[in-house]
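Working notes, structure below.
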Amino acid sequence: MYYSPNPSRPLKTVDSDEDTEVSDAYLQLLEQCRVKENALIDQRNMIKRTSGIHPDQAGEQTEHIFAELLAKLIPSEFKIVQRARISINNELRSPQIDILVLKPGGDKILNGINYYPRENVLAAFECKLTLRKADLAKIALTANTIKGDYAVGNINTATFSNVYPTCTPYFGVLALSWEGGDSLEGIRKLIDEVGFSLQRSAVGRMVDCFFALPISFISVFQEQDIFDKNKTELVVKYESILEYYEDSEGVMRLHLPNHAVRDGECSKQKKYSKNTVHNSLVGLGDFLSKIVNEYDSKYDFMVNNYVFYNNGLWAKYFLYEGPVCNFKLS
11 MYYSPNPSRP LKTVDSDEDT EVSDAYLQLL EQCRVKENAL IDQRNMIKRT SGIHPDQAGE
71 QTEHIFAELL AKLIPSEFKI VQRARISINN ELRSPQIDIL VLKPGGDKIL NGINYYPREN
131 VLAAFECKLT LRKADLAKIA LTANTIKGDY AVGNINTATF SNVYPTCTPY FGVLALSWEG
191 GDSLEGIRKL IDEVGFSLQR SAVGRMVDCF FALPISFISV FQEQDIFDKN KTELVVKYES
251 ILEYYEDSEG VMRLHLPNHA VRDGECSKQK KYSKNTVHNS LVGLGDFLSK IVNEYDSKYD
311 FMVNNYVFYN NGLWAKYFLY EGPVCNFKLS
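Numbering (my numbering), first residue to last: 11 to 340.
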């Protein structure tokens, strides 16, 4: 199993054929994330109750919540700044980005107007009180703007398919809610919307992740179809949902995503529940630990805290037929 958020730089954690023991430390981490998740939901609900009175403050409060959260999830040497712009090739500037995570020392170039060279930025995030389908097209455009033709790494040829490099800085969306609600049934709708919105994005320049409290953490990348080099597959990885159903003998069974249920085996009344070892905050922490570790391997220990999380992720594929987009590698 490979875990790098940049698929061109895979880092092996555990053989997918081996069983992974869930440590007490991981279970404790999971419980801590659940407590924090409930606190975030309370903060979100308070913002929504007061947004009608102070609509201009809702966005600012949301950004502040996520800036505080990121500061607790990554080492302090990676400075977090709010409402900043990215300088691109000393000529262009990105739209204002809600949150930037700077590389160590990256803030030293601050020139008084709060914009930073792209090489100094590890990750950028847009923050939403409620993520809506209508937001996705603009978000994809922002990702393409800040990444442009700047990429890192080489195409990975060690796997069965060619996985394309991910342009940096990493770019993601952090949302306190999704317009489909907190119900787990909404995860699949969100996955589809994310896939369709990015299906024709330039290779490597798309949004790398979506955090939607409390339903799921989603990561995204593209790879070349193993049977047709003129086709590109968009891969959307997400936390699995366990679907319970009653079979023909009256036995309750688990039906996993993307596995077809035989006719007559699935009842009309379905119950959904998150896997007990999955939590959207764990997913966000996992992603952040990976990009920090990719910058400096001394953070291996952070990634190891999340090994079990990656063993139960599922992927959905969206096929794009057409010429593969090219970009230069730095």
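From the three backbone atoms N, C-alpha and C, an ideal C-beta is built for every residue, glycine too.
All values derive from a computational prediction rather than experimental measurement.
Taking the beta carbon of residue i as the centre, do at least 16 other beta carbons fall within 10 Å, making it buried, or is it exposed?
i      : result
Pro105 : exposed
Pro65  : exposed
Leu291 : buried
Tyr36  : buried
Met56  : exposed
Val217 : buried
Lys138 : buried
Lys118 : exposed
Gly62  : exposed
Ala150 : buried
Arg128 : buried
Ile165 : Per-residue confidence for Ile165 stands at a pLDDT of 36, beneath the threshold of 50, marking its modelled position as unreliable; the derived number appears in the next sentence. Ile165 comes out exposed.
Ala49  : exposed
Phe220 : buried
Asn240 : exposed
Lys308 : exposed
Lys89  : buried
Thr167 : Model confidence at Thr167 stands at a pLDDT of 36, short of 50, so the residue's coordinates are unreliable and nothing is read from them.
Lys113 : buried
Val302 : buried
Val213 : buried
Gly116 : buried
Phe135 : buried
Glu304 : buried
Val45  : exposed
Asn320 : buried
Tyr327 : exposed
Gln71  : buried
Ile236 : exposed
Leu132 : buried
Glu87  : exposed
Arg54  : buried
How far does the beta strand (DSSP E) with residue i in it reach, from first residue to last?
i      : result
Phe220 : Cys219 to Ala222
Phe181 : Tyr180 to Ala185
Lys247 : Lys241 to Glu249
From which residue to which residue does the alpha helix (DSSP H) around residue i run?
i      : result
Ser226 : Ser226 -> not in any alpha helix (DSSP H); beta strand (DSSP E) instead, spanning Ser226 to Gln234.
Lys199 : Glu195 to Leu208
Tyr36  : Asp34 to Thr60
Does DSSP put residue i in a helix, in a strand, or in coil?
i      : result
Lys326 : strand
Val292 : helix
Ser277 : Note that Ser277 has pLDDT 41, beneath the 50 cutoff, so the model's placement of it is unreliable and no number is given.
Asn164 : Residue placement at Asn164 is flagged as unreliable, the pLDDT there being 36, under the threshold of 50; a coordinate-derived value is accordingly withheld.
Leu298 : helix
Arg272 : Only weak support is given to the placement of Arg272: the predicted model assigns it a pLDDT of 37, under 50, and the value that follows is read from those uncertain coordinates. The answer is coil: DSSP assigns Arg272 none of H, G, I, E or B.
Lys338 : Below a pLDDT of 50, predicted positions are generally treated as unreliable, and Lys338, at 40, falls in that range; no measurement from the model is reported.
Val313 : helix
Val213 : coil
Tyr305 : helix
Asn320 : helix
Between residue i and chain D, is there a C-beta pair that is closer than 8 Å?
i      : result
Pro179 : Absent from the structure is chain D; it holds one protein chain and no more.
Evaluate the contact criterion for the stretch 227-234 versus the stretch 188-196: three or more CB pairs, one atom per stretch, below 8 Å. no
Just list the beta strand (DSSP E) runs in the stretch 83-151, keeping only unbroken ones of 3 residues or longer that don't cross its boundaries, in chain order. 90-98, 107-112, 125-127 and 131-138
* Asked: So does the stretch 314-325 actually touch the stretch 294-303, counting three or more Cβ pairs closer than 8 Å?
  -> yes
* Any contact of the stretch 145-152 with the stretch 199-210, i.e. 3+ C-beta pairs under 8 Å? -> yes
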